[in-house]
Each structure stands twice: as C-alpha cells, then as structure tokens.
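**Student:** Below you'll find the structure I mean.
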Amino acid sequence: MAVQIKKIAVITSGGDCQAMNAAIRAVVLAARKYDIEVVGISDGYYGMTYHYPEAFKALCADEVENIIGCGGTVLNSARFDEFEQDPEGIARRAAANLGKAGVEALVIIGGDGSFRGGLDLLKYCNIPCVGIPATIDNDIVSTEYTLGFDTALRNTIEVCDSLRDTCNSHKRCNVVEVMGRKAGQIALHAAIAVGASAVSIPEAPGAFDEDKVIDRMIEARRNGKRSFLVIFAEGAENTGLPENDKKAALDAAVRDYDEGKIDAKALTDVAFHNYKAKYSEQFVSTLRSRSLAAFEKYYAETGNIDFKGEYIETKFMRCAHMSRGGRPTTFDRVVAGHMGEAAIALIAEGKLNRVICVHDGRIADMDMVEAISVDSFYRKFRKTGSYDEAKYNELTDLQKKLFAYRLNVSEHLLATAAALSEI
Ligand code: ATP
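If you count the sequence shown from 1, you need to add 1 to reach this note's numbering.
This is how it looks when you write it as structure tokens:
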C-alpha cells in the first residue's frame, strides 16, 4: 500500500495564466479532505532553489480566500533557465530545501517545460509530483485543454470585436496578431469566433494562401464589404519568402555595417525584418499595396468614381500579454477546480508522477513521462514534417490517440474558420 503523503508543495511555473489562482485554491481546499498540508512556494523553481525559507509559506483555506477570480498567480511565476542547464545540480539544491520544509510531493501548475523540471526532481532526488496543465497556448499534447486558454480567448475576442466596430465605421481592415507561440489554437478559435476573413497559423502555413486571401478581400470590397479582420498566430510564418532572399538581405546589411554605411541599430532592424519580422506585419503592407494597385487598375478600366484612390486601409494590432491577464472565465475556474481536486485525489491514492488532462472532454490523468514523450514526439514532427515509424510504433495507444487528435484539431478548426469566413 502506498505511504500516505502528509505534506505537499504547490508552485506555479512558466508563463502565467488566469486560472492559476483558481487551481492553487482548489489544491489547498481539496487537500483538507485528506489532512494533507500544503506549502506554497513563490517564484516557481527559482524560489524553491534559492529562497528557502522566505519563499515557502504554509497555505490554508484563509490564504486562498477570494483568489478564485483573480488573474495572475499569488505565488508568482518565474522562468529559471539554470534548471535546464544544470538539471542535476539545481534539482539537488531544490530538493534539499523541499526536504527542510518536510515536503514529500509537488503539485506543478504550468506548462510542459515545468513538468520536465518536475521529472528532473524525480530522477535525481526522488521527489514525486503531479502536474496541472496551465498555459494560455493550449499546446500541451497530452491534454485537450490547458487552464487559461478560455480566458485568453475571451480577452482576444474582446479586442477583435472592438476593432471590428471601428473597422466597419472607417472601412478598414485590422490585422490582429494573437499569442500562442508555435501553436495556432488561440488564432483558430478567435478567427471562428469573430468571423475573420482569414487566419494564418504555424501548424499549417500552406493553408494561408496570401494571393488568394488578398484577391478575395479585394473582390469583397468591390462588392461593398467595409470591414475585415485577419488573424495571425504569433508563430505564423511567411513560407512564400525564399530563405535565400532573407540571407542575401542580411549579408548585404552586414557588409554595409562593416563598411560603416549603417549603424548597429539599422543592422539589427534588417536582421529582425528578415528573420524575426512577423508575417502579420509583412501582410499589412502587402495588402495595402496590392489593393491600391488593384483598385487603380479597376478605376482606370471602369471610371467608377467610387473606386478612385480606393485601397484596403489596414491597421495592425498585437494582442501580446493582454491575453494573459484579467479575471478568469467561469469555464477556467471550474476546470481549475476539477483539476486541482483530481491532483490531490491522485496524491492521496499514492498515484504519483502523473499529469492531469482532459481526454474526450473529461478530466483524466496520465503518466508524466508518457505525457512529455508524446509532446516531444509531436514537436519533433512539427519541426521536421515527418516521424520515425519505429518510434511511432513504440507509442502507447493513448499516445497515438493524442498525437492524432493534435494533428486533426487544427485542420478541423481551419476548415471551420474558412467555411465561416466573412469573405
Ligand atoms: P509556458 O508554456 O506557459 O511557457 P512552461 O512550463 O512550458 O509554460 P517553460 O519556460 O518552458 O514554461 O518552463 C518553465 C520552467 O521549467 C523553466 O524556466 C525551467 O526552470 C523549468 N524547465 C523547463 N524545461 C526544463 C527541463 N528540460 N529541465 C529542467 N527544468 C526545466
């Protein structure tokens, strides 16, 4: 029989998201049922490693009162790269502090990176853990849902709706870049929810055919459409720009810099635009110039005065970190409650080193190593565009199902976004 765990710690780690507080609260309140003490550690693995005892604080019901509706995290979050660079050294240091605090297991509220840290604590120091997936990006392969996603979408959609109003008044387009890093989940859902004219995501760059999108927008404007919204995930890439062109531009700038013709800032700008410039920003200028040329031609051909000097005036908006803050939605609070409770139930049962998930719309859990390995398998596939058949065959049935879900979900949402596009 598993030894009953009496004291656990909870951390929030990685990028913050809105329902982290609701999850902390759920962990603390659910732990009461099993007489498990909870210690909250501030600043994630950083606080755990370098700030004992200041960062360690016993959490009881009073401490988590009234936090359910608050954004951010009362435990603060931190990125702590040193852990990745020296996993064994940091794990040993952190585990020594956990030992001093009498902590026997850890609840990690965060993304896949944070779970990897948990596995290092297990590997080097035998500290067990349970993970609660929390990241606005909804990009953890082991689960259909991650905390914060619904609220991030709410924030994003509010921005888009506001932009739509003013776009309509002024006959404009707004290109909106939304968060999500290499994942297009926020972009796809937002595109459907606001009736965007088009959406570009990193998972399927070929699905965004720039020429076709612009032609259709021009046609729609010719037919009287006033407003357009085009959504880009922050990781969306312009695959139409040949790699050689980018390199040539950068090489020329480096030459100019060496010859003293441009300063360091100008060189950085060139590097930024060729390697880091977001496709969303590039699209703004392409749409402006292409639509101007198209309407000039149209006016010359038809003499229709309505189209004299016409073009699709286009503004740019980056949603960035505003997606992360604010009061969590009901959905996020409720799912956080279920996840926190499920995490504690696992600990009480002695079922450790697992990740709480949503599978087929229900709260479930799976082995943390398997969760991380299917995540890595998917990310590698995304990077290279193929996977090793033998490695695929080594996946469990559940991992294969999660992999297939992740591959299909974007395609399915893209099809819906296209079908419901307002052009
Ligand atoms: P989000 O996706 O919202 O950013 P995340 O948990 O994936 O959340 P990361 O920045 O990847 O965010 O990871 C959070 C922290 O977890 C890191 O700063 C580091 O301390 C730890 N961590 C990440 N990867 C590893 C690893 N491979 N080994 C040890 N620790 C890691």
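All residues carry an ideal CB built from backbone N, CA and C; glycine is no exception.
(1) Do L408 and H190 have their C-beta atoms within less than 8 angstroms of each other?
(2) Would C130 and L107 be called neighbours here (beta carbons separated by less than 8 angstroms)?
(3) With DSSP as the reference, identify every bridge partner of I42, one or two as the case may be.
(4) Considering only heavy atoms of the ligand ATP, does any lie closer than 7 angstroms to the CB of S115?
(5) Can you check which of these residues, Y51, A102, G73, Q86, is closest to E38 by C-alpha distance?
(6) Leaving out five residues before and five after T157 in sequence, what residues of the same chain have Cβ atoms less than 7 angstroms from its Cβ?
(7) Apart from the five residues on each side of it in sequence, which residues of its chain come closer than 6 angstroms, Cβ to Cβ, to S281?
(8) Check whether the Cβ of T417 sits closer than 7 angstroms to any heavy atom of the ligand ATP, and report yes or no.
(9) How is K101 classed by DSSP in three states: helix, strand or coil?
(10) What are the start and end residues of the beta strand (DSSP E) that includes G149?
(11) Could you pull the start and end residues of the alpha helix (DSSP H) that E412 belongs to?
(12) In the structure shown, what three-state DSSP assignment does A20 receive?
(13) Does the distance from the CB of V65 to the CB of R26 come in under 8 angstroms?
(14) In whole angstroms, what separates the C-alpha of E85 from that of D121?
(15) Hey, is R319 close to the ligand ATP, as in C-beta under 7 angstroms from one of its heavy atoms?
(16) Tell me where the alpha helix (DSSP H) around C126 begins and ends.
(17) Only counting the same chain, and skipping five residues up and downstream in sequence, which positions put a Cβ closer than 8 angstroms to that of D162?
(18) Starting from the Cα of Y406, find the closest Cα among I141, Q283, T74 and give me that residue.
(19) So is R355 buried or exposed if we call it buried at 16+ other beta carbons inside 10 Å?
(20) Throw me the rounded Cβ distance for the S228 and R173 pair, which I believe falls under 8 angstroms.
(21) Beta-carbon within less than 8 angstroms of E412's beta-carbon, same chain only, minus the 5 sequence neighbours each way: which residues are those?
(22) Buried or exposed: which applies to N224, given that a residue is buried once 16 or more other Cβ atoms fall within 10 Å of its Cβ?
(23) Q5: buried (16+ other C-beta within 10 angstroms of its C-beta) or exposed?
(24) Would you tell me roughly how many angstroms separate the C-alpha atoms of K392 and Y379, rounded to the nearest one?
(25) Compute the beta-carbon to beta-carbon distance between G118 and A135, rounded to the nearest angstrom, for a pair I have assumed lies under 8 angstroms.
(26) Give a yes or no on contact between the region 292-308 and the region 70-78, applying the rule of three or more CB pairs nearer than 8 angstroms.
(27) If you measure from the beta carbon of R80 to each beta carbon in chain B, is any gap under 8 angstroms?
**Tutor:** For this structure:
(1) no
(2) yes
(3) F57
(4) yes
(5) A102
(6) V179, I187, A191, C320, S324
(7) V176, E178, F233
(8) no
(9) helix
(10) Per DSSP, G149 belongs to no beta strand (DSSP E) and is neither H nor E.
(11) 398-420
(12) coil
(13) yes
(14) 9 angstroms
(15) no
(16) 113-126
(17) V195
(18) I141
(19) buried
(20) 6 angstroms
(21) A205
(22) exposed
(23) exposed
(24) 11 angstroms
(25) Rounded, the Cβ-Cβ distance is 14 angstroms, inconsistent with contact.
(26) no
(27) In the structure shown, chain B cannot be found, because there is only a single protein chain.
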